[in-house]
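Reading through the structure tokens given below for one structure.
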């Protein structure tokens, strides 16, 4: 068993990054995720593993530092909250175009604009549909506990390097700010230069005699070549959809009604399932862990079993569109959400289930 | 066992750290724990509250609207959280600054005048540990030894010389808490 600690989600992700052998973090503070950079600064990771932690002059600078580090094969990450993530979108699109690995944490707060500093899930569309320009996808992981904030750092980097694609960890103010028991895995050393050159033959590590230059760019002025690149990217996304879907089921075996939620909404909905079951309603919860790739086959399968699906999100209804696509009209799909930094209560979700799906 | 607690008062009363020590004590006792603070504008002066859950099972929602126990340290929090205690639940409050005392008949109410006691002891900073002592008397879900362990874990080493005072405060809280209904 690893070391047990009581930590905030924001602290756990920073500690886990140091332990996972991440090479660099570039960030800029914004509520509700400033504890990430605060924790890094207090821990002096440079003294522990040689990891670079730098407060950039802006969010735009931070994401471009991630681009630069990633181009040379380094494991680099950044974090921000919604308005700051919007600023990073240009850099993220460039990373997707240049096929660069890297991890971006979004601890979502209410929007649009500067919005509030309270928890929200209003950035689902931005994260899963390509928030920057161009036809691209991020792999999107949605942690719903402090433990997953820690565990998903390694998972995110593994996926990111496997597919040479940026990965977003889509969290929210609840998961970032709350403290839970977290089991930390044993530290692993950062990759050596020799390991990096072996594992990332594409990286700009210095051209030896006898190999072609490695060029990292998202610019391709020949449209025919660019289309070939687009086709290659799309094939990669289809492969990700075929291989990397992750989800968790809670009381789904005999469920007649299904709640779908991710992140902190899934934690709240888990209690709603317990309350509903105590009232005699056979409810279950399907929690997507990957938002892209979305668990559409599982949703479609459960649509053959349950009478209806209630989507619960802290937004006006975004994931509900993906659910409806997967269900393809087989059963009713309704949405219950709160916005602007308001958080639904377990009881109001049960009431929504009763009113919108069960009738009564 | 699942105990869902709200601790609410003014910023600076040690509300968040009391919750953190309680959560750490739960970890020492092999329980699942969660600690969810109110954060944001209310932190910058005014009220502060934290939801702490201790459980033998995996914890579902860290955010609640109904509590087994409410520990209430100012009037605003009394107005907000008294109605949110589950029937049969427990309300613990410090009488200092309270103008409207709790009125529910279907819950157990305890009063602990911890602010006055901390002033008498000349140790204003251990106010929250007196309250925590009172809570542990009423709800002995974690042992005093594990609370001391929790204190050691959550306090930086430079404050460890203060642990005896905190321990004294916990004991005093256990002595002075009194039923109020």
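Protein chains in written order, with the working numbering: chain A, 149 to 508; chain B, 69 to 249. Backbone N, C-alpha and C define an ideal beta-carbon position, used for all residues, glycine too. Please read all numbers here as calculations on a predicted model, not as lab measurements.
In this structure, residue 484/A sits away from residue 447/A, with a CB-CB distance that is not shorter than 8 Å. Assigned with DSSP and collapsed to three states, residue 138/B falls in strand. Annotated as proximal: residue 220/B and residue 231/B, with beta-carbon spacing under 8 Å. Nearest to residue 498/A by C-alpha distance, out of 441/A, 291/A, 408/A, is 408/A. Near chain B, meaning a CB-to-CB distance below 7 Å, the residues of the stretch 407-439 of chain A are 415, 416, 418, 419, 422. With the rule of 3 Cβ pairs closer than 8 Å, the stretch 153-166 of chain B does not count as touching the stretch 89-105 of chain B. In the DSSP assignment, residue 203/A falls within the unbroken beta strand (DSSP E) covering 200-203. Taken in chain order, the whole alpha helix (DSSP H) runs of length 4 or more contained in the stretch 156-226 of chain A are 157-167, 182-191, 193-196, 207-219. Counting C-beta pairs with one atom in each stretch, the stretch 183-193 of chain A and the stretch 230-244 of chain A have fewer than three that are closer than 8 Å, which means they do not touch.
CA-CA distance, residue 130/B to residue 123/B, rounds to 12 Å.
Your pair residue 410/A and residue 458/A does not check out as a contact, with CB atoms roughly 14 Å apart and the cut at 8 Å. Note that the stretch 263-270 of chain A does not touch the stretch 242-252 of chain A; fewer than 3 beta-carbon pairs, one per stretch, sit closer than 8 Å. A direct Cα-Cα distance of roughly 29 Å separates residue 400/A from residue 489/A. Residue environment: residue 174/B is assigned as exposed (fewer than 16 neighbouring CB atoms within 10 Å of its CB, all protein chains considered). It is roughly 43 Å from the alpha-carbon of residue 254/A to the alpha-carbon of residue 169/B.
Residue 220/B has a beta carbon lying at 8 Å or more from every beta carbon in chain A. With the criterion set as a beta carbon lying under 8 Å from some beta carbon of chain A, the members of the stretch 204-234 of chain B are 221, 222, in sequence order. Judged by pairs of C-beta atoms under 8 Å, the stretch 436-451 of chain A touches the stretch 382-394 of chain A, as three or more such pairs exist. In chain order, 154, 327, 328, 329 make up the part of chain A whose C-beta sits under 9 Å from the C-beta of residue 101/B.
Between residue 465/A and residue 319/A, the C-beta spacing is not below 8 Å. Within chain A, the residues whose beta carbon sits less than 7 Å from that of residue 92/B are 154, listed in sequence order.
In the displayed model, residue 457/A falls within a strand according to three-state DSSP. Per the Cβ contact rule, the stretch 175-189 of chain B is in contact with the stretch 151-161 of chain B (3 or more Cβ pairs under 8 Å). Around the CB of residue 324/A, 16 or more other CB atoms lie within 10 Å, so the residue is classed as buried. Checking the DSSP bridge columns, you'll see residue 104/B partnered with 119/B. Residue 384/A places its beta carbon less than 8 Å from that of residue 313/A. The count of Cβ pairs closer than 8 Å, one atom from the stretch 303-312 of chain A and one from the stretch 337-346 of chain A, stays below three, leaving the stretches out of contact. The beta carbon of residue 129/B sits closer than 8 Å to some beta carbon of chain A. Interface with chain A (8 Å Cβ-Cβ cutoff): residue 105/B is included. Cβ neighbours of residue 221/A within its own chain (closer than 7 Å, five residues either side excluded): 344, 348, 351, 353. Per DSSP, residue 236/B is one residue of the alpha helix (DSSP H) stretching across 231-244.
The alpha-carbon separation between residue 85/B and residue 245/B amounts to approximately 20 Å. Assignment of residue 313/A by DSSP, reduced to helix, strand and coil, places it in the coil class.
Taking 4 residues as the shortest admissible run, the stretch 304-373 of chain A contains the following complete alpha helix (DSSP H) segments, listed from N- to C-terminal end: 321-325, 341-347. Within chain B, the residues 133, 134 have their CB atoms less than 9 Å from the CB of residue 495/A, given in chain order. Only residues of its own chain outside the window of five on either side were considered, and among them 164, 168, 333 have a CB closer than 8 Å to the CB of residue 302/A, listed in chain order.
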